[in-house]
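First the structure, in the form of structure tokens, and then the observations on it.
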Amino acid sequence: MLSPEENDYLTQTDPGTPMGAFMRRFWTPFMLSREISEPDGAPVRVRVLGESLIAFRDTDGRVGLVDEFCPHRRVSLFFGRNEASGIRCVYHGWKFDVDGNCLDLPSEPADSNFKDKIRLKAYPVQEKAGIIWAYMGPKELKGELPQLEWMDVPDDYIYQSRWYQESNYAQAVEGEIDSAHVSFLHSKLDNDTANKAALTGVFFSEDRAPKWKVTESDSGMTLGARRIVDEGRYYWRMNQWLYPYYTMIAPVPGESRTVRMWVPADDGHCNIICITYRNDCPVSEQELHNWRTGAVAHAEVIPGTLITAANSGNDYNIDREFQRTGSFTGIVGIRAQDMAMTESAGAIVDRSQEHLGTSDTAIIKMRRLLIDGARNLEKGVEPPSAQDGALFNIRSSSVVYDEDVDFDEKPDVLSSMQVAETPGNFPGARTAE
Ligand code: FES
Ligand SMILES: [Fe+2]
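One rule links them: number in the numbering used here = place in the sequence shown (from 1) + 50.
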């Protein structure tokens with residue numbers, strides 16, 4: 051549990067808040083490249099860390115992330131004309147480039163130098179692997195983009211999506227790193243307990259009270275959950291949480307990997323960016339279909355929106371008959387099940403009312419790391435992971451072991467989590483790197 055003051059400290063990320071300052075030290079992923087794929091295409095509204103912004107791609111393909119509101123009389127640039135290397139406010143025609151420079155101020159006399167004094171707030175951006183990041187912190191402290199494994203895979207090895215959740219980022223992340231809920235929330239009523247050969251959900255139903263081992267590092271923490279498979283054998287599931295909101299779920303060996311970014315839109319909303327990728331072969335048509343429809347890993351959204359099809363307004367389409375006969379929840383889809391839980395606590399859960407147990411070890415640790423990080427920053431200590439992208443060169447992993455040892459005592463487990471080097475070739479890739 052947290053005191054109400056600590057809860058505010060953890061969850062508030064608007065400009066001027068300590069956690070907001072901490073998060074702004076990192077490059078912030080905020081949307082997908084394909085959402086603004088066309089030069090001079092329609093601008094898109096984006097909420098990031100409590101700020102209302104507009105993203106657009108200019109004539110030359112450069113991306114701008116700027117204040118939504120025109121510096122003249124503060125109307126929305128969402129209605130602006132994206133043309134000739136800048137965005138032009140349709141109210142009085144003021145025009146700005148992706149860096150926020152005022153290019154034209156046609157409502158003032160031609161000999162006026164007013165234009166040189168006007169700027170639109172604009173953030174530096176970088177695009178990589180179909181995602182766009184912004185840097186919203188102090189200029190002189192701008193560090194490196196995180197070096198994540200999927201940033202270097204070919205286009206046909208990866209799929210990206212984005213959607214919104216009606217909750218604070220912290221409880222969304224807590225839902226993701228909480229390995230204990232998998233045995234309940236995502237379970238079916240007909241688990242095949244005979245099938246122990248594969249690393250499947252069966253392990254979650256066999257042992258519902260995993261032993262936890264959490265190890266900290268400069269990049270975040272590895273969350274090891276150990277479950278008994280049978281006598282003398284343990285299933286270790288090692289997820290990653292990386293500063294300030296990246297999560298990596300342990301994949302079934304040989305299958306695709308999933309990374310999610312739980313970026314605060316504002317204190318009551320979370321902007322979720324999800325990546326699934328392979329590093330051994332291009333993704334199959336079936337995988338793509340499953341991801342695009344939200345059947346696996348990604349969420350099903352209402353077409354043309356970032357709103358999930360199963361949402362609080364329809365009680366996530368809970369089916370009570372299905373709950374009695376086939377599914378623990380009666381809700382279809384892992385994403386919908388997770389979202390139903392994390393949103394149902396309210397936009398910002400009151401952590402002073404909780405009763406945490408041993409299964410909440412990782413959640414307690416994540417809160418402490420974030421709060422300590424922000425407190426240290428208030429004392430002038432910068433977070434190392436905001437500067438050094440190589441700290442993010444890590445994977446999640448899962449494995450079955452015969453003996454009772456902690457995962458961090460097994461060199462082969464640790465090496466399975468390190469991305470030693472970027473593979474030079476990608477079999478079957480459409481485009482060689
Ligand atoms: S409000 Fe934008 S140009 Fe006047
Ligand atoms: Fe879940």
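Backbone N, C-alpha and C define an ideal beta-carbon position, used for all residues, glycine too.
Element boundaries [beta strand (DSSP E), containing residue i]
| i | result |
| --- | --- |
| D280 | G270 to D280 |
| Y296 | Y296 to I299 |
| M81 | W77 to L82 |
| P314 | R307 to D316 |
| N321 | H319 to Y327 |
| R287 | R283 to L292 |
| S447 | S447 to Y451 |
| Y185 | I181 to Y185 |
| V351 | It is not in any beta strand (DSSP E) - V351 carries neither H nor E in the DSSP assignment. |
| S267 | K261 to S267 |
Near ligand 2: residue i beta-carbon under 7 Å from a heavy atom
| i | result |
| --- | --- |
| D388 | yes |
| L235 | yes |
| H231 | yes |
| I384 | yes |
| G380 | no |
| G538 | Only positions 51 to 483 of the chain appear in the structure, and residue 538 is not among them; the question remains open. |
| G225 | yes |
Through-space distance from residue j to residue i, alpha-carbon basis
| i | j | result |
| --- | --- | --- |
| T78 | G187 | 10 Å |
| S402 | E55 | 9 Å |
| D456 | V116 | 48 Å |
| L127 | P121 | 10 Å |
| L427 | P433 | 7 Å |
| V463 | A300 | 12 Å |
| I444 | E393 | 29 Å |
| E190 | Q437 | 11 Å |
| L273 | S466 | 14 Å |
| I353 | G430 | For the sequence presented, residue 353 should be read as Pro rather than Ile. Taking the straight line joining both Cα atoms gives about 45 Å. |
| G130 | L170 | 13 Å |
| R112 | R95 | 17 Å |
| A134 | I208 | 32 Å |
| T358 | H319 | 13 Å |
| W341 | R277 | 28 Å |
| T297 | I325 | 10 Å |
| G143 | C152 | 11 Å |
| P461 | W286 | 14 Å |
| A360 | E404 | 27 Å |
Reduced DSSP category for residue i - H, G, I as helix; E, B as strand; rest coil
| i | result |
| --- | --- |
| D154 | strand |
| N132 | strand |
| H231 | helix |
| E483 | Only weak support exists for where E483 lies, its pLDDT of 41 falling under 50; the value from the coordinates is given anyway. DSSP places E483 in coil when its eight states are reduced to three. |
| N361 | coil |
| M467 | helix |
| A92 | coil |
| W200 | helix |
| V346 | coil |
| Q403 | helix |
| F106 | strand |
| L191 | helix |
| T61 | helix |
| A244 | Note that A244 scores a pLDDT of 43, beneath 50, so its modelled location is shaky and nothing firm can be said. |
| V148 | coil |
| N218 | coil |
| A436 | helix |
| F378 | coil |
| Y141 | coil |
| F457 | helix |
| L52 | coil |
Where the alpha helix (DSSP H) through residue i begins and ends
| i | result |
| --- | --- |
| F372 | R370 to T375 |
| T411 | T411 to E428 |
| Q387 | I384 to S394 |
| Q336 | E335 to R342 |
| D166 | Note, D166: premise wrong, no alpha helix (DSSP H); not H, not E. |
| G70 | P68 to M73 |
Any non-hydrogen atom of ligand 1 closer than 7 Å to residue i Cβ
| i | result |
| --- | --- |
| W144 | yes |
| C152 | no |
| C139 | yes |
| R123 | yes |
| C120 | yes |
Whole-number beta carbon distance between residue j and residue i, since they are thought to touch under 8 Å
| i | j | result |
| --- | --- | --- |
| T343 | E335 | Actually they are not in contact, since the Cβ atoms of T343 and E335 sit about 12 Å apart, beyond 8 Å. |
| S485 | M288 | A question about residue 485 goes unanswered here, because the residues of the chain that appear run from 51 up to 483. |
| A275 | S229 | 4 Å |
| F76 | Y293 | 7 Å |
| T198 | V309 | Note that residue 198 is Leu in the sequence shown, not Thr. Indeed they touch by this definition, with Cβ atoms about 7 Å apart. |
| M51 | L406 | 6 Å |
| D64 | D317 | 7 Å |
| W291 | M416 | 6 Å |
Test: residue i CB closer than 8 Å to a CB of chain B
| i | result |
| --- | --- |
| L155 | Among the chains in the structure shown there is no chain B, since it carries only a single protein chain. |
Heavy atom of ligand 4 within 7 Å of residue i beta-carbon
| i | result |
| --- | --- |
| I168 | Looking at this structure, you won't find ligand 4 anywhere; what it does contain is ligand 1 and ligand 2. |
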